[in-house]
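A quick write-up on the structure given underneath.
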Amino acid sequence: MLGECIENVRKTVPLVHNITNYVTVNDVANVLLACGGSPIMSDEPDDVEDITSICGGLNINIGTLNKSSIEGMYRAGKKANELDHVVLLDPVGAGASALRTNTAVGLMDAVKFTVIRGNISEIKTLALGSGTTKGVDADVADAVTEDNLEQSVRFVKEFAARTGAVAAITGAIDLVSDSDKCYVIRNGRPEMGRITGTGCQLSGMMTAFAVANRENILEACAAAVCAMGLAGEIGWSRMAEGDGNSTYRNRIIDAIYNMDGAQLDKGAKYEVR
Amino acid sequence: MLGECIENVRKTVPLVHNITNYVTVNDVANVLLACGGSPIMSDEPDDVEDITSICGGLNINIGTLNKSSIEGMYRAGKKANELDHVVLLDPVGAGASALRTNTAVGLMDAVKFTVIRGNISEIKTLALGSGTTKGVDADVADAVTEDNLEQSVRFVKEFAARTGAVAAITGAIDLVSDSDKCYVIRNGRPEMGRITGTGCQLSGMMTAFAVANRENILEACAAAVCAMGLAGEIGWSRMAEGDGNSTYRNRIIDAIYNMDGAQLDKGAKYEVR
Amino acid sequence: MLGECIENVRKTVPLVHNITNYVTVNDVANVLLACGGSPIMSDEPDDVEDITSICGGLNINIGTLNKSSIEGMYRAGKKANELDHVVLLDPVGAGASALRTNTAVGLMDAVKFTVIRGNISEIKTLALGSGTTKGVDADVADAVTEDNLEQSVRFVKEFAARTGAVAAITGAIDLVSDSDKCYVIRNGRPEMGRITGTGCQLSGMMTAFAVANRENILEACAAAVCAMGLAGEIGWSRMAEGDGNSTYRNRIIDAIYNMDGAQLDKGAKYEVR
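Given below as C-alpha cells:
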C-alpha cells in the first residue's frame with residue numbers, strides 16, 4: 007500500500023542532497039522536512055562529493071543551472087552511483103535551451119539515474135536526445151489526456167525500459183512507470199500550476215520516498231506523486247475567500263506535514279496499467 | 007483604463023525571462039503567476055539567449071549580481087533587443103557600490119531598455135552616471151513628496167526623455183512617466199517596506215504588463231504600479247491580530263491573484279501630469 | 007534587561023550585510039525587517055567591500071558556499087574588521103564536508119569574529135580545527151542536555167575564550183557565552199526543527215542585535231536567541247488545525263514583527279551561569 011511508503015519516510019528520516027534551482031529551493035527544503043526527510047543543499051563542485059556521501063539520496067534539478075553547478079551535478083551524480091545511492095533527475099526546461107537539453111542528456115549518459123521526473127515536454131526531449139530542441143515526437147501528444155492515455159503509457163514504459171529508471175511524467179494525469187507497470191494517477195488540482203515549484207517539490211519528495219523504500223522504488227515514487235496531488239486537494243479545501251496562490255503554497259506543504267499513511271491510502275486515486 | 011491592462015495579462019499569459027536576485031526570486035515567480043503571466047529564470051551566460059528567445063519580455067534585476075550573471079544580463083539584453091522584446095532594468099543598489107552603479111550604467115549603454123524602475127536614490131544615481139556613488143543631485147530631493155512633486159515630475163520626465171524608456175520611481179508616491187506624461191500614483195501602504203522584495207515583484211509584474219500591452223507601455227506600467235499598491239491595501243485589510251510581515255507578503259500576492267480589471271479600475275489612485 | 011536590546015534594534019535600524027545561503031535567504035531578509043533591522047545581500051567578491059562599508063554588521067553563513075562566495079566572505083570579513091564592524095560566523099555544515107570545515111576554520115584565522123553561532127556539532131568541529139570531519143570531542147556530548155549542562159557550559163566558555171568571540175550553541179537548550187558568563191536559554195519548541203532556516207534567521211537577527219547594542223554584545227546575542235525561541239512559542243500558540251511547517255514559518259516571523267521589549271522580557275527563559 008502507498009501509505010506505508012510515507013510512514014517509512016517518517017520512520018527513517020532520509021537525508022537528501024539537493025542540487026536544485028534557487029527559485030524554489032526553500033519550498034523543496036520545507037516539503038522535505040514536512041514529509042519526514044531531511045534536506046541538505048550544496049552545488050559547489052569541491053563540496054558535493056563529501057555532502058552526497060553522508061546522504062541517502064541525490065536530487066538533481068537543472069532549473070537554474072550554471073557552469074559551476076553543472077560540474078557539481080556530474081561529480082555528485084558519479085559519487086552517488088559509486089555509493090549506490092538513489093539519484094533522481096528533474097530536467098527542468100529540457101527542450102527550452104540547448105544547454106539544458108545537452109546537460110540533461112549528458113547527465114543521463116554519465117550517471118545511472120534511479121528516477122527521472124519531468125513534464126511531458128521535458129521527457130519527450132530526453133527521449134529524442136540532444137541536438138533537438140522543441141522537437142515533437144510524432145507518436146506522443148503534448149499532454150497526457152484520457153484520449154491518448156494508452157499511447158502515453160506505452161511511451162513512458164519504453165522510456166523507463168531504455169533508461170533503466172523509474173520514469174514519471176507529471177501533469178493533469180500523472181504517469182509513474184518502470185518498464186513493466188505504469189501507475190496512472192489522477193490526484194491534484196489545476197490551480198497547483200499557478201504556484202511556482204510544485205514539480206521541484208515533488209522531485210525532492212520522490213527522492214526521499216525512494217530512499218526510504220529502497221526495495222520498492224516504483225511504488226515509492228507513485229506514493230510521492232499521489233501525496234503531492236492529495237496535498238493539493240487538501241490544501242485547496244482549506245482556502246478561504248481572498249486566499250490566492252501564495253497561501254495555497256503554504257497550505258500544500260502544511261498538508262504534507264499532517265499527512266499520514268492512512269490518509270494517503272484513502273485519498274490516493276490511481277490505477278495500475 | 008488601467009483595468010484592461012491586467013485583463014490582457016490574464017488573456018495572453020506572457021512568458022517573462024527573469025535574471026533576478028536569489029533573495030526574492032520565489033516571490034517574483036509567484037507574483038508573475040498570480041497576475042496571469044508565466045516566469046522563467048536563467049542567468050547562465052550560455053543559457054540566457056535561448057531562454058530569452060522563447061519569452062516575450064526580459065526582467066533584469068541586479069540585486070545579487072555576480073560576474074557570471076552580469077555577463078548573462080548583457081547577453082540576454084542584447085538578444086532581447088534583437089528580437090524587439092520588452093526589456094526592464096531594476097538597478098537594485100545602484101549608488102551603493104561601484105560595481106552596481108557601473109553595471110547598471112553599462113547595461114544602459116549596451117541595451118535599449120523599454121522600462122527602468124527603481125527608488126529615487128537608484129534613479130538619481132543612473133541620471134548622474136557612473137563614477138558617482140551616493141551622489142546627490144542638487145535638483146532632486148531624497149524622496150518624492152507632495153512638496154517637491156513638481157520638481158520630481160520634471161526630473162522623471164527628463165530621465166525618460168534621455169533614456170527613451172518608460173521610467174518609474176517608486177516610493178510613498180510613485181511616478182511613472184515617458185517624456186511627455188507622468189502618472190502620479192498614491193496607492194500602497196508604508197508597511198510594504200517591511201517586506202523584502204515588493205519592488206522586485208513589481209518589476210516582474212511590470213514586465214508582464216508591458217508585454218501584454220505592447221502598444222501602450224506607459225499605461226501598462228502605471229497599471230502594474232497601481233495593482234501592486236492596491237494589493238498592499240487589500241492585503242493589509244485582511245491582516246488579523248498577531249499577523250506580521252511574513253503573512254502580509256502572502257496576502258499581497260494573494261490579492262494580485264484575485265484582482266480583476268474592475269477592481270483595479272476602482273481602486274487605482276492616480277492623476278496624470 | 008534583554009527587552010531593551012530589541013528596542014534598540016527598532017530605534018537604530020541597523021543595516022546588516024548578509025553573505026548567506028540561497029535556501030533560506032528570503033526568510034533571513036524578512037526576519038531582519040521584522041525585528042527592526044534592514045538587510046542587504048551581496049556575495050560577489052568585487053561588490054562585497056563597498057556593500058559592507060555602508061552597513062553596521064556582517065553576517066557570514068557558509069550554507070551554500072561556492073568558490074566565488076568564499077572569496078567574498080574573506081574580502082568582506084577583512085573589510086568589516088578594518089571598519090570595526092560586528093561580524094558573525096554561522097558555520098553551516100562544518101564537519102559535514104572538508105570544504106566547509108576548512109572554510110570555517112580559515113575564516114576564523116583571517117577574520118576576527120564578534121559572534122560565532124552554530125549547533126553543537128558545528129562548534130565542536132571548529133574547536134577541533136581543520137583536518138577533522140565528523141570528529142567527536144571526547145569531552146563534549148552530541149547534544150546539550152540537562153545531564154551534561156555543566157560540561158557544555160565549560161566547553162562554550164573555553165571556546166569563547168580561545169576565539170575571543172561571543173559563542174552561541176543552539177539546540178533544545180541554547181548556550182550563549184563569552185569567556186566569563188554563559189546564558190543558558192530554554193525558550194523555543196522542538197517543531198522549529200521541522201522548518202528550514204530558523205538557525206540562519208537567528209544568525210541574521212543576532213547580527214542586528216549586536217550592531218544595535220554594541221556596548222553589550224553578550225546580552226544582545228542572548229536577547230536574539232530568547233526572541234527567536236519565544237517567537238517559536240508564540241507562533242505555535244497561533245497554529246490552527248491543519249496548519250503545518252510552512253504556516254509555522256510565517257507565524258514565527260510574524261511573532262518577531264510584533265514583539266516588543268516588554269514581551270521579550272516577560273517571555274525570556276534563561277539563567278546565567
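Order-wise, the sequence lines are chains A, B and C.
Going left to right, the first sequence walks through residues 7 to 279 as this note's numbering numbers them.
Going left to right, the second sequence walks through residues 7 to 279 as this note's numbering numbers them.
Going left to right, the third sequence walks through residues 7 to 279 as this note's numbering numbers them.
Note that CB positions come from ideal geometry on N, CA and C, so glycine has one too.
Step through the CB atoms of chain B and report whether any lies within less than 7 Å of the CB of residue i.
i	result
A/N222	no
C/E10	no
A/R160	no
C/A35	yes
C/Y189	no
A/L105	yes
C/L236	no
A/H23	no
Tell me whether residue i is buried or exposed, calling it buried when 16 or more other Cβ atoms sit within 10 Å of its Cβ.
i	result
C/R123	buried
C/M198	buried
C/P20	buried
C/G101	buried
B/I25	buried
B/A246	exposed
C/A151	Here residue 151 of chain C turns out to be Thr, not Ala, going by the sequence shown. Result: exposed.
B/K140	Note that B/K140 scores a pLDDT of 44, beneath 50, so its modelled location is shaky; the value from the coordinates is reported in the next line. It counts as exposed.
B/C90	First, the amino acid is wrong: residue 90 of chain B is Asp here, not Cys. The residue is exposed, with fewer than 16 neighbouring Cβ atoms inside 10 Å.
C/D52	buried
B/V172	buried
A/D186	exposed
Is residue i a contact residue of the ligand SAH, with contact defined as CB to any heavy atom under 6 Å?
i	result
C/R257	Ligands are entirely absent from the displayed structure, and the ligand SAH is therefore not among its contents.
Between residue i and chain A, is there a C-beta pair that is closer than 7 Å?
i	result
B/R244	yes
C/Y263	no
B/D260	yes
B/D90	no
B/M47	yes
C/R200	yes
C/N65	no
B/E50	yes
B/D56	yes
Taking the C-alpha atoms as reference points, what is the distance between residue i and residue j?
i	j	result
C/T109	B/G210	36 Å
C/S183	C/W242	28 Å
A/C61	B/T30	29 Å
A/V142	C/A104	Summary for A/V142: the model assigns pLDDT 36, below 50, so the residue's position carries little reliability, and this model does not support an answer.
B/R200	C/F215	17 Å
B/M212	B/A226	7 Å
C/H23	A/S158	51 Å
C/E128	C/M79	18 Å
A/R220	A/A35	21 Å
C/E239	A/S59	35 Å
B/N264	A/G248	7 Å
A/G267	A/I12	6 Å
C/D49	B/E55	25 Å
C/T176	A/T176	40 Å
So residue i and residue j are supposed to be a Cβ contact under 8 Å. How far apart are they, rounded?
i	j	result
C/I68	C/V98	5 Å
A/V2	A/L94	Outside the shown range of chain A, which is 7 to 279, sits residue 2 of chain A, and nothing can be said about it.
B/V117	B/K84	6 Å
Spatial neighbours of residue i within its chain, please: C-beta separation below 6 Å, excluding the five flanking residues on both sides.
i	result
A/G273	L236
A/V217	P20, G62, G63 and V92
B/D33	G203 and Q207
B/A133	F165
Near residue i, what residues of its chain come up, given a Cβ to Cβ distance below 8 Å and the 5 sequence neighbours on each side ignored?
i	result
B/I191	I179, D180, L181, V182, A228, V231, C232, G235, A274, K275 and Y276
Checking contacts by CB at 7 Å: is residue i closer than that to chain C?
i	result
A/I129	no
A/D180	no
A/D96	no
B/V29	yes
B/G194	no
B/V142	Note that B/V142 has pLDDT 36, beneath the 50 cutoff, so the model's placement of it is unreliable and no number is given.
A/D53	yes
B/T70	yes
Within its chain, find whatever has a CB closer than 7 Å to the CB of residue i; leave out the 5 residues flanking it on each side and keep chain order.
i	result
B/I262	V37, A40, C41, A233 and A237
C/I57	H23, I46 and S48
Can a CB atom of chain E be found closer than 7 Å to the CB of residue i?
i	result
A/R168	Included in the structure are the protein chains A, B and C, with no chain E among them.
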